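Chemist: Pasting in a structure now, in structure tokens, and then I'll have a few things to ask.
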Amino acid sequence: MAGSDDRLLLLNESDNVFVARRRIPAGERIAVMGTEVTLTGDLPLGHKLARRAIPTGHKIIKYAVPIGSATFDIALGQHVHVHNVKSDYTPTYHLTDAPHRGEGDR
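Position in the sequence shown counted from 1, then plus 13, gives you the numbering used here.
In structure tokens:
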């Protein structure tokens, strides 16, 4: 993809995310669609990075298939993962969602 870092893989032209070909550490400057961005956190191998801004509620598209919805506005070049996506396939749970287990429940 012209204008984007070779450490990022575009699986399908209709995707709104790239996939990291390898781990990219926080602080690295990368080109995303011709725009330089600095990663604010590590981007692990296989994780997604926003190819363009994705508004809250919009679908995350990977392999030309919707895989989830943005739970927050996601900026171009931002890490796209369970912290800002609700999966269409796998429920996302948080510790606060777990039922409280008392001593007698074990």
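C-beta: ideal position from N, C-alpha, C; glycine also.
These numbers come from a predicted model, not from an experiment.
1) Per DSSP, His-96 forms a beta bridge with which residues?
2) Ordered along the chain, which non-local residues of its own chain (more than five positions away) have a Cβ less than 8 Å from that of His-60?
3) Spell out a yes or no on whether the region 22-31 and the region 64-82 are touching, meaning 3 or more CB-CB pairs, one atom from each, closer than 8 Å.
4) Assign Val-98 to one of two classes, buried (16 or more other C-beta atoms within 10 Å of its C-beta) or exposed (fewer than that).
5) Leaving out the 5 sequence neighbours to the left and right, which residues in its chain are closer than 6 Å to Thr-84 when beta-carbon positions are compared?
6) Please list, in chain order, all residues of the same chain as Pro-57 whose beta carbon is under 7 Å from its beta carbon, the five residues on each side excluded.
7) Roughly how many angstroms lie between the CA atoms of Arg-65 and Glu-49, to the nearest whole one?
8) Run through the DSSP bridge pairs and tell me what Phe-31 is partnered with.
9) Rounded to whole angstroms, what's the CA-CA distance from Glu-41 to Ile-67? Just pull it up for me.
10) Determine the extent of the beta strand (DSSP E) in which Ser-82 is found, giving its start and end residues.
11) With 16 other CB atoms within 10 Å as the buried threshold, where does Ala-39 fall?
Modeler: Reading off the structure:
1) Per DSSP, none; premise fails for His-96.
2) Within the same chain, His-60 has close Cβ partners Val-32, Ala-33, His-92, Val-93 and His-94.
3) yes
4) buried
5) Asn-97 and Lys-99
6) Ala-33 and Arg-36
7) 12 Å
8) Leu-62
9) 22 Å
10) 78-83
11) exposed
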